[in-house]
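Report on one structure; see the data block that follows.
Protein chains in written order, with the working numbering: chain A, 294 to 894; chain B, 284 to 560.
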């Protein structure tokens with residue numbers, strides 16, 4: 294436990310407020326459901342019909358918002374999944390009628406067919422080193438392909454005229470209105486709970502910094518594919534409802550243009566806010582239905598102009614504007630209670646002294662004809678603190694990269710704890726017990742300090758999909774880093790407000806929280822003050838002194854290196870030229886020549 | 284023989300349609316989703332030229348000038364604030380495309396417009412009668428490609444553009460006015476898109492939404508070509524061939540999605556696309 298009283302006191306005062314704020318979304322949802330349930334008699338038939346459709350579209354907007362606003366995946370593909378759900382429903386109900394079995398089959402098909410396609414699309418879109426642009430490209434191709442398949446489906450899909458006249462659920466238009474309202478409220482509430490929960494932070498983390506996610510041992514690819522597939526399923530269910538409520542499905546429902554419309558609604562409403570896209574979609578679709586009869590082109594013109602203006606001037610959409618006003622009011626400004634820090638006993642089992650933690654044999658790497666590393670042999674055992682030194686361009690950072698990413702094209706063998714890492718993605722190497730700190734602090738800019746640390750613990754402790762844990766369990770060394778740098782008092786601060794040194798310390802704490810057996814640090818003291826450097830040195834020495842873990846650091850500050858290292862390895866022009874104790878290396882004539890530039894000639 | 288001609292001319296048309304998009308993507312690293320709207324604007328330049336009774340070929344310079352002028356405005360007001368947000372730039376240019384499409388609709392109505400054929404008739408080559416215009420298009424594509432290559436390789440602008448492509452920060456620190464390079468390249472790219480719009484008029488119906496159907500194909504080709512005009516030419520040939528062959532032997536509907544699907548698969552396997560070869 295930590296002796297940071299202020300935090301503990303504030304945490305004790307929090308529960309009542311926290312319970313209230315936790316119940317609030319449920320109360321709001323219940324009130325909304327009640328209001329929409331009794332609404333139909335007060336609306337005319339036209340309004341009921343249009344709003345039913347608008348609310349179904351709003352469900353799609355929620356899925357687009359989760360993908361784009363939260364997880365950073367700009368997608369035009371939700372329209373395709375929606376269309377497939379609608380067509381599956383129409384085809385099954387058309388063939389088997391609205392019998393209980395037919396309805397059950399339609400629901401299942403509307404959910405599973407898009408979800409399966411979503412899996413395939415996810416697999417295609419996300420792979421190690423895939424780019425966000427590529428995922429958007431795929432999401433564009435999917436609706437185009439689906440629409441062409443519908444066109445070529447002949448009688449099955451009704452080709453360009455779509456399907457009409459199939460059996461539907463036995464509801465009046467008021468019934469569909471209420472069903473759509475309930476569906477929208479349930480989906481929105483579930484999404485709200487997810488994004489407020491710890492697991493929701495992982496989505497934002499993916500958007501902020503996918504590489505850091507991988508180097509925390511999270512599998513970004515799997516998260517993205519799962520999200521794509523499950524939200525494809527939700528879009529399919531919306532398609533089921535749409536086919537029933539409207540009684541007609543057409544190729545446009547699955548098309549790329551509809552996909553772009555969804556993105557426009559979400560952008561105008563406010564990406565990353567859930568409520569913004571819901572209200573935006575309902576408002577815009579309802580307005581469109583009322584206005585486009587009188588001024589069809591003008592309406593599109595206004596919408597397009599508003600869209601361009603919002604994207605350029607107000608990327609957060611209208612919800613961002615409302616949010617800013619709200620925060621300007623005294624009631625809107627509430628500081629969330631920080632989680633309580635708890636010490637967690639270390640889980641790393643001692644590696645048998647006989648097997649080295651890291652073994653590198655004959656490692657070589659070249660970019661085309663330029664050889665960057667050649668003939669590197671290196672063994673590192675538990676308890677060692679090895680400094681990697683050498684002039685700029687010696688290959689130090691490249692070596693670190695090879696050690697932490699097995700998909701780098703290199704020759705030779707690297708084994709962590711006896712397991713070869715060739716071909717393994719960074720997250721799997723983290724699973725073997727390797728933690729890497731980057732040269733430029735790599736944290737999640739839109740998350741708080743506590744959230745960053747919690748994500749670092751996710752591979753060990755998991756993330757709650759429904760709530761926020763009130764405690765944050767960290768191994769003692771990570772707590773030490775936080776305390777020595779004062780970060781333990783800044784747990785709720787967003788990381789983009791931290792100083793350079795604080796970010797470096799936070800990243801170190803995150804890496805230490807992984808409980809790695811091998812820590813790789815690329816210039817951990819670059820740009821830090823003397824005091825901060827001393828702190829990091831103390832932490833590293835304490836970590837390795839217990840004899841359970843090893844650390845490798847790239848460092849230019851030779852005084853710092855001399856102070857903390859147990860061993861020094863000198864790289865020069867891609868070769869390992871010296872490997873010895875501090876005294877060996879510091880006294881070496883060779884090192885002096887290299888640093889004086891003599892060896893270049 | 285007919286098949287070979289079809290493949291060559293299809294590739295030529297794809298090249299004409301995508302070269303403007305490629306220029307912009309290569310230098311600005313921005314995908315101009317309003318590209319389709321520029322094609323439409325170009326095509327309506329042909330409509331206007333016909334209405335005021337000028338020679339149909341006069342539409343080419345007109346479309347280039349109008350396309351470039353609109354491009355200059357778009358770069359200044361829409362693209363420039365979004366250089367650091369490339370995904371948002373896609374959306375903003377898409378919005379701009381909607382706006383342009385609606386303005387055209389307001390001015391000309393949403394009906395299909397008739398344009399005079401730029402070059403009517405057929406030519407007999409090697410025993411087959413072939414559309415003369417498609418052969419002219421092939422020649423124009425070669426001319427545009429050559430012009431483009433000369434601009435990139437031989438002119439000061441081309442040199443600056445290549446410097447910006449390779450390393451914009453370094454280019455700026457060497458005193459190249461990168462903002463100006465971006466503006467000029469965007470205007471040229473938009474001008475070429477307008478030009479392409481005119482050249483499409485004999486092949487497709489002219490209506491306010493005609494550009495959208497060409498946009499996706501051009502976009503996928505540019506993704507695969509990754510800023511290299513030679514790779515673009517190769518991609519046009521390969522995917523053009525696939526489109527013609529699949530349309531002829533399997534089904535025209537599948538043929539119409541061949542470019543998009545094949546390009547997506549190529550990108551999945553080799554993210555740099557054709558530019559490596």
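For glycine and all other residues, C-beta sits at the position ideal for the given N, C-alpha and C.
Interface annotation, residue 465 (chain B): not in contact with chain A, CB-CB separation never under 8 angstroms.
In this structure, residue 631 (chain A) and residue 405 (chain A) do not form a Cβ contact; the two beta carbons are roughly 42 angstroms apart against a cut-off of 8 angstroms. As DSSP reads the structure, residue 376 (chain A) sits in no beta bridge. Secondary structure of residue 753 (chain A) (DSSP, three-state): helix. Leaving aside the five residues that flank residue 752 (chain A) on each side, the residues in its chain whose CB is nearer than 6 angstroms to its CB run, in chain order, 510. In this structure, the beta-carbon distance from residue 537 (chain B) to residue 507 (chain B) does not fall below 8 angstroms. Distances from the CA of residue 287 (chain B) to each of B:408, B:328, B:362 and B:552 were compared; the closest alpha carbon is that of B:408. Counting the other CB atoms within 10 Å of its CB gives residue 412 (chain B) a total below 16, which places it among the exposed residues. Contact of residue 597 (chain A) with chain B by beta-carbon distance below 7 angstroms involves 378, 381, 382 and 385. Two segments are said to touch when three or more pairs of C-beta atoms, one from each, lie closer than 8 angstroms; by this definition the stretch 821–830 of chain A touches the stretch 788–799 of chain A.
Residue environment: residue 331 (chain A) is assigned as exposed (fewer than 16 neighbouring CB atoms within 10 Å of its CB, all protein chains considered). Note on residue 397 (chain B): under 16 other CB atoms within 10 angstroms of its CB, so exposed under the neighbour-count rule.
Residues of chain A with a Cβ closer than 9 angstroms to the Cβ of residue 506 (chain B) are, in chain order, 426, 427 and 430. For residue 366 (chain B), there is no enclosing beta strand (DSSP E), since its DSSP letter is neither H nor E.
Between residue 425 (chain A) and residue 370 (chain A), the C-beta gap is not smaller than 8 angstroms, which leaves the two residues out of contact. Look at residue 788 (chain A) here: in three-state DSSP terms it is helix.
The shortest C-alpha to C-alpha distance from residue 711 (chain A) to any of A:878, A:429, A:701 and A:727 is the one to A:727.
Relative to the Cα of residue 340 (chain B), the nearest Cα in the group B:329, B:308, B:431 and B:466 belongs to B:329. Only residues of its own chain outside the window of five on either side were considered, and among them 796, 797 and 800 have a CB closer than 6 angstroms to the CB of residue 734 (chain A), listed in chain order. Residue contact with chain B for residue 444 (chain A): present (Cβ-Cβ distance below 8 angstroms to some residue of chain B). For a Cβ distance threshold of 7 angstroms, residue set 605 of chain A lies close to residue 364 (chain B), ordered along the chain.
In this structure, DSSP gives residue 392 (chain A) a state outside helix and strand, which the three-state scheme calls coil. Boundaries of the alpha helix (DSSP H) harbouring residue 854 (chain A): 851–857, taken from the DSSP string.
Beta-bridge partners assigned by DSSP to residue 729 (chain A): A:813. By a beta-carbon distance limit of 8 angstroms, residue 774 (chain A) does not contact residue 815 (chain A). Their separation comes to about 17 angstroms.
The C-alpha of residue 475 (chain A) is placed about 22 angstroms away from the C-alpha of residue 563 (chain A). The three-state reading of DSSP puts residue 717 (chain A) in coil, since its state is none of H, G, I, E or B. Interface flag for residue 862 (chain A) against chain B is unset, since no Cβ pair is found closer than 8 angstroms.
Against residue 560 (chain A), the close residues of chain B are 374, in the order they occur along the chain (beta-carbon pairs closer than 8 angstroms). With a threshold of 16 other beta carbon atoms within 10 Å, residue 463 (chain A) falls short and is exposed.
Using a CB distance below 7 angstroms, the part of the stretch 434–459 of chain A facing chain B consists of 434, 437, 438, 441, 444 and 445, ordered along the chain.
Under a criterion of Cβ atoms nearer than 7 angstroms, no residue of chain B is adjacent to residue 551 (chain A); the nearest Cβ is some 13 angstroms distant. Under the 8 angstroms criterion on CB atoms, residue 444 (chain B) is classed as non-interfacial with respect to chain A. Inside the stretch 636–717 of chain A, DSSP marks whole beta strand (DSSP E) runs of 3 or more residues at positions 651–660, 663–673, 678–682 and 704–709, from first to last along the chain. Taking C-beta separations shorter than 6 angstroms and ignoring five residues to either side along the sequence, the partners of residue 294 (chain B) in its chain run 519, 520 and 523, following chain order. Going by C-alpha positions, residue 473 (chain A) is about 35 angstroms away from residue 317 (chain B).
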